[in-house]
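For the sequence shown, the positions run 1 to 402 when the working numbering is used.
C-beta atoms are modelled at their ideal positions from N, C-alpha and C, and glycine is treated no differently.
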Amino acid sequence: MKETNSKIADLFKPQSFLLFYLLFIVIAALSFSTTLPLKKPSLLSFVIIFITFPFYLLGIKLGKHVYGKKIPAFINFLYIGLLTIFYGLVLTNFYKFNFYLSLALCAVAFSFIYLVILKKLDIITSATKGPSFLFIVGAVFLFMAFFQEKGIPLLNPALKVNLLHNTFFGISMLIFIFGFTLLMPQIKEDKKFFLILIIGTTLFLLSAFRGSILAIFLTGIFIAYYAKKVDNKKVFLALVVAFLLIISIGYLARPLFDPLNLFLFRAGSTHVVFDDIVQKSMPFGYTHGTLFFQGNPRDFVGQEIVGKQANITYTILGAAVMDFGIIGAVLWMFSLGMILQIAYTNMRIKGFEGFYPLLFSLSLIFIEIGADPFFLFFFFIFLIFYFVKNTKNRYKQMIYKS
């Protein structure tokens, strides 16, 4: 008989994020006590991290308080406008598009997304045909990316850098993750569920990108957990599998040390980058918003902090501190706590196990690689769903009936 999750501790509620963050800090700290070639970080970088924890918990508390409150209709339009400007700037920086062209493209895209959610909200979270289509299209774009790069990064790690800037790969992740997240909660048969999870994870395993692999794998496992397909013991085993995936992929990509020492080195070197950011950015930031609008901020950090052309991870607080210092760090953690709590409460009340597992998975991935506009897109889309569902104005019911 399956263990009933309602009778045991919830391992993945928003508060548990801080435990995973602490685990990363411990691993990073352990790396500095080894013989690995790592610069010792300052105490200040650790202090900054712990200062943000109460603000994260405060965000959770506010998320509980505001959940379900009716939202004025103009908030929807203001939000879509802000997203349009933000991603217009991101597209301009990443693809070197004309800003007004980027703005127009984003305005059309977000207006379309908003209208689809507005008119088809209930269908989106209950149907399987649309998500299945996105799942397949995402896989097709993935192989188009491999074809364009003339190989598979898992078999040829040198291709990984090019894939990072491949438009087909970005589209494939975006479409596939949305399709996967919306499809998996609808699958009731356990064998079919885990078969699709294995297929999805394997597809992105070919890319050798740990972020995309873990986004698929962890989201699927967390959906299974909240759908009561796995108990605490099985989900712990799944996390061990995720850990082994991280070590294996990292070793295949850069076999600098043995797999375990490479894992420690990765955590330690990422914290060292964060420490360098802290030294350069305190108290009120260094780039003052420039990093926030980069299409790939890890490349920008490589140039500005490390001084070389490289894709550098910088921890979950790196971007916020580099742009806005300690104020950015506490506001970011406060916002993250609030959004995760709203998504968690929404899952518990509405019974749809899709969005929260995805957002929680991405938050865990952010701990090491740092937040970026691509993965933040999923948080922003969830908020569109939430705003539409909780808008005061009844104009949306009129649209439903039309």
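Buried versus exposed, by CB contacts within 10 Å (16 or more), residue i
| i | result |
| --- | --- |
| residue 190 | exposed |
| residue 229 | buried |
| residue 45 | buried |
| residue 284 | exposed |
| residue 2 | Below a pLDDT of 50, predicted positions are generally treated as unreliable, and residue 2, at 41, falls in that range; the measurement from the model is reported next regardless. It counts as exposed. |
| residue 111 | exposed |
| residue 145 | buried |
| residue 156 | exposed |
| residue 294 | buried |
| residue 270 | buried |
| residue 341 | buried |
| residue 371 | buried |
| residue 158 | exposed |
| residue 78 | exposed |
| residue 100 | exposed |
| residue 266 | buried |
| residue 50 | exposed |
| residue 160 | buried |
| residue 9 | exposed |
Neighbourhood of residue i by C-beta, 7 Å cutoff - its chain only, sequence neighbours within 5 removed
| i | result |
| --- | --- |
| residue 68 | 390 |
| residue 211 | 365, 369 |
| residue 185 | 223, 227, 352, 353, 354 |
| residue 194 | none |
Contacts around residue i, its chain only, beta-carbon distance under 6 Å, and the 5 residues preceding and following it disregarded
| i | result |
| --- | --- |
| residue 320 | 328, 329, 332 |
| residue 417 | A query on residue 417 cannot be resolved here, the shown segment of the chain reaching from 1 to 402 and no further. |
For residue i, three-class secondary structure by DSSP
| i | result |
| --- | --- |
| residue 391 | strand |
| residue 71 | strand |
| residue 258 | coil |
| residue 159 | helix |
| residue 296 | coil |
| residue 187 | coil |
| residue 230 | coil |
| residue 10 | coil |
| residue 154 | coil |
| residue 245 | helix |
| residue 84 | helix |
| residue 166 | coil |
| residue 353 | coil |
| residue 15 | helix |
Alpha-carbon to alpha-carbon, residue j and residue i
| i | j | result |
| --- | --- | --- |
| residue 86 | residue 107 | 11 Å |
| residue 251 | residue 209 | 12 Å |
| residue 137 | residue 272 | 39 Å |
| residue 219 | residue 315 | 20 Å |
| residue 217 | residue 134 | 17 Å |
| residue 303 | residue 14 | 34 Å |
| residue 361 | residue 37 | 30 Å |
| residue 258 | residue 105 | 46 Å |
| residue 310 | residue 120 | 42 Å |
| residue 305 | residue 276 | 7 Å |
| residue 307 | residue 232 | 44 Å |
| residue 207 | residue 292 | 26 Å |
| residue 20 | residue 27 | 11 Å |
| residue 274 | residue 317 | 8 Å |
| residue 349 | residue 205 | 34 Å |
| residue 298 | residue 290 | 13 Å |
Inter-residue CB distance, residue i and residue j (contact presumed, cutoff 8 Å)
| i | j | result |
| --- | --- | --- |
| residue 34 | residue 264 | 6 Å |
| residue 177 | residue 238 | 18 Å between Cβ atoms; not a contact. |
| residue 336 | residue 56 | 6 Å |
| residue 71 | residue 387 | 6 Å |
Same chain, Cβ closer than 8 Å to residue i, five either side skipped, listed in chain order
| i | result |
| --- | --- |
| residue 141 | 168, 169, 171, 172, 175, 176 |
| residue 375 | 211, 215, 362, 365, 366 |
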